[in-house]
Amino acid sequence: MRWAQIPVPVRYAILVIAIVVVWQAYVTLGHVNKLLVSSPLDVAAVVGADLRSGKLVAITWATLQTLVAGMLAGTAIGFTLASFAVFSKVGHDLLNVLSAVFNPLPSIAILPLAMIWFGLRPESIVFVVALASVWPVAINTDTGFRTVSATTQLAARNLGLRGWRLVVDVLLPAALPSIIAGLKASWAFGWRTVVAAELVFGVAGSAGGLGWYINNARYFLNTATIFAGLVVISVLGILVEALFGFVERRTVIRWGMKRAA
Amino acid sequence: MASAPPPVVADGVAVEYVDSAGRRSRAIADATFEVRRGEAFVIIGPSGCGKTTLLKAIAGFLQPAAGKLLVDGAAGREPGPDRAVVFQDFDQLFAWRTVHDNIVYALRVARRLSAADAKRRADEMLELVDISRAADRYPHELSGGMKQRAAIARALALEPTMLLMDEPFGALDAITRNQLQIELANVHRRTGVTIVLVTHSIQEALYLGDRVMVMSAHPARIREIVDTSTAKDVESPHFAELTGRLRELLVHRDDALGADRQAAVE
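Line by line, the protein sequences are chains W and Y. The opening residue of the first sequence carries number -11 in the numbering used here; numbering runs sequentially from there. The opening residue of the second sequence carries number 497 in the numbering used here; numbering runs sequentially from there.
This is the structure in structure tokens:
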């Protein structure tokens, strides 16, 4: 059977299993120092134990809460900026200036400032995550609004639509391919930022998030726990990507606005 | 009560376009004509003659820079569903709604119908233009002809005082185009709605129009308004005669050099 004829999920599963087997063989047969590299079996054992004890669930939950709070704030501000940019020239210029200034700034670099403002509290991380997610959403939504076809807009005005109703009922769905692209980028920035911020911020207590979980394990040379944290971060990333894929298939792909991948 | 005013009265109307650089250019100058209630009024002319601009002004998307444009007796009207527009481009339908939902949504926001009434009316309209079987499909799943049928159904559902059509069949193949022309003529007969239709096809103008307004480009102006209500049989000598007449009016206009030469002779 040719490789290309095998269904895609099976192909991916075969590759993942192959990588894990090679990894396990490397650690077992290569007599690698377990303080440096853990085997998949050891990592699975840690993940299993920490899931059963509820520790990993609480920690993952803490990270996700911070991420969602930050992304909600960032997305709301991003939509608002993009909407003002549609309605007024000043709004458009403001968006251009703000995104030009802040977009190149890795938002994690704002963390020290946030810590001075908000203290060693979750608010500091929420703040930097919001800052990381606001620009991709604002810029992509603005682009999306601007590229709504002239005919679609005329058809909407012909129905008497104006103002916020026009934005919500027509511009938003018409711009959805760009908006989803913006949300994807915003999630990618936000996710990296939240984990990085938690690494810095390792003092917040027992449920300090996945970054803290990893960094804390380093103090005790629990290498398998570090790997466990990395695996969880990666798996969550894959799940969120799958969620975006699901949303796209149900919306923009179904509506013929974007081709299926 | 006085009789209702004509749907459109244009008196010396000029419409300007402002391009992205902020430059003003006059798309049409000094247009004077009247559209009668219940007729199919066709505007024909070469590209750049300002026929689409004129339609946009009637729809309320553009305001005249000079002259008087009365729509249902009032000047300076905003766009509204009483002048339902059918465009040439297929993306006039909302891609995120099914054909049926496109009509229901339009009726809900523009006519404030209840959900049940809007659904009933949408069903009727889809029946009228013969696309009931595509009711639950999304626009991108339809052929070009079906999209235009759906757009016409949505426009008619609004019960407009006039139907404004901007080359509605311009992007269709010849066979579909003919079929839709026949059906539009039927719809016009059955509903009696006033139609203002922009086209560059002489055959379409003659077949659909009760009167045809011929426009010229450079300068954009009205050449003549021809009564074509008697030419409905495409096989008849009268149809051929009027075809020749419209062609003469149109070609004359297009040939700017010829016009100049003629002016020089005169």
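Beta carbons: idealized from backbone N, C-alpha and C, even for Gly.
TODO: Kindly list, in the order they appear in chain Y, the residues whose Cβ is closer than 8 Å to that of S137(W).
DONE: One-based indexing of the first sequence puts residue 137(W) at position 149. Those are D585 and D587, listed as they occur along chain Y.
Open item on the list: Give me the residue from L83(W), F90(W), D38(W) and V136(W) with the minimum Cα distance to L119(W).
Closed with: On the first sequence, residue 119(W) is found 131 positions in, with the first residue counted as 1. Nearest C-alpha to L119(W): F90(W).
Task: Helix, strand or coil at M661(Y) according to DSSP, with G and I counted as helix - done: Taking the second sequence and counting its residues from 1, one reaches residue 661(Y) at position 165. In this structure, M661(Y) counts as strand in the three-state DSSP scheme.
Task: According to DSSP, residues forming a beta bridge with V504(Y) - done: By 1-based counting over the second sequence, the position of residue 504(Y) is 8. Answer is V531(Y) and V567(Y).
Task: Start-to-end residues for the alpha helix (DSSP H) that takes in D723(Y) - done: Counting from 1 along the second sequence, the entry for residue 723(Y) is found at position 227. It is not in any alpha helix (DSSP H) - D723(Y) instead sits in the beta strand (DSSP E) that spans R717 to D723.
Task: Residues that T695(Y) bridges to, as DSSP identifies them - done: Sequence index remark: in the second sequence, residue 695(Y) carries index 199 (1-based). Its beta-bridge partners are I540(Y).
TODO: Counting only the same chain and skipping the five closest in sequence on each side, list residues whose C-beta sits under 8 Å from that of E236(W).
DONE: Stepping through the first sequence from its first residue, residue 236(W) is reached at position 248. Hits under 8 Å: I168 and K246.
TODO: Use the C-beta contact count for E744(Y): other C-beta atoms within 10 angstroms, 16 or more gives buried, fewer gives exposed.
DONE: Along the second sequence, one-based indexing puts residue 744(Y) at 248. Looking at its Cβ environment, which holds fewer than 16 other Cβ atoms inside 10 Å, E744(Y) is exposed.
Open item on the list: Give me, in chain order, the residues of the same chain whose beta-carbon lies closer than 7 Å to that of A571(Y); leave out the 5 immediate sequence neighbours on both sides.
Closed with: As a working mapping, residue 571(Y) is identified with position 75 in the second sequence. K564 and L565, listed in sequence order.
- [ ] Check distances from the C-beta atoms of the region 559 to 577 of chain Y to those of chain W and list, in chain order, the residues that come in under 7 Å.
- [x] P575, G576 and P577
TODO: Anything in chain Y within Cβ reach of W259(W), meaning under 7 Å, just list it in chain order.
DONE: The structure shown does not extend to residue 259(W), since chain W spans only -11 to 249, so no value can be given for it.
- [ ] At 9 Å on the CB atoms, spell out the chain Y contacts of V4(W), in chain order.
- [x] To locate residue 4(W), count along the first sequence from 1; it is residue 16. Correct list: empty, because the minimum Cβ distance to chain Y is about 35 Å.
TODO: Measure the alpha-carbon distance for G244(W) versus V15(W) and round it to whole angstroms.
DONE: As a first step, residue 244(W) must be located in the first sequence, where it is residue number 256. As a first step, residue 15(W) must be located in the first sequence, where it is residue number 27. Their backbone Cα atoms lie some 48 Å apart in a straight line.
Task: Contacting positions in the region 609 to 635 of chain Y - beta carbon closer than 8 Å to chain W - done: Y634 and P635
Open item on the list: Within a Cβ cutoff of 6 Å, which residues of the same chain sit near L659(Y), ignoring the five residues on either side of it in sequence?
Closed with: By one-based count along the second sequence, residue 659(Y) stands at place 163. So the qualifying residues of the chain are A580, A651, V689 and I691.
Task: Helix, strand or coil at T239(W) [DSSP, three-state] - done: Along the first sequence, one-based indexing puts residue 239(W) at 251. T239(W) falls in the coil class under three-state DSSP.
Open item on the list: Quick check: the Cα distance between V191(W) and K172(W), rounded to an integer number of angstroms?
Closed with: Along the first sequence, one-based indexing puts residue 191(W) at 203. Along the first sequence, one-based indexing puts residue 172(W) at 184. In this prediction, V191(W) has a pLDDT of 49, which is less than 50 and means its spatial position is unreliable; what the coordinates show is noted afterwards. Roughly 30 Å separates the two Cα atoms.
Task: Candidates L82(W), V228(W) and Q53(W), of which the one nearest V117(W) by Cα - done: The residue given as residue 117(W) occupies position 129 in the first sequence. Here the closest residue by C-alpha is Q53(W).
Task: Residue from S543(Y), T549(Y) and V505(Y) with nearest C-alpha to L533(Y) - done: Position 37 of the second sequence holds residue 533(Y). Before going further, note that residue 533(Y) is Arg rather than Leu in the sequence given. Nearest option by C-alpha distance: V505(Y).
Task: Beta-carbon separation (whole angstroms), A701(Y) vs L742(Y), contact threshold 8 Å - done: Locating residue 701(Y) in the second sequence gives position 205, counting from the first residue. Locating residue 742(Y) in the second sequence gives position 246, counting from the first residue. At roughly 7 Å, the Cβ-Cβ gap stays under 8 Å, so A701(Y) and L742(Y) are in contact.
Open item on the list: Using the three-state DSSP reduction, which class does M245(W) fall into: helix, strand or coil?
Closed with: Reading the first sequence from its first residue, position 257 is the one you call residue 245(W). It is coil, neither helix nor strand.
- [ ] Helix, strand or coil for M709(Y), going by three-state DSSP, please let me know.
- [x] By 1-based counting over the second sequence, the position of residue 709(Y) is 213. If DSSP states are grouped into helix, strand and coil, M709(Y) belongs with the strands.
Open item on the list: Is there a Cβ of chain W sitting closer than 8 Å to that of E511(Y), yes or no?
Closed with: The residue labelled residue 511(Y) in the question sits at position 15 within the second sequence. A small correction: the amino acid at residue 511(Y) is Val; Glu does not occupy that position in the sequence shown. With 8 Å as the cut-off, V511(Y) does not count as an interface residue toward chain W.
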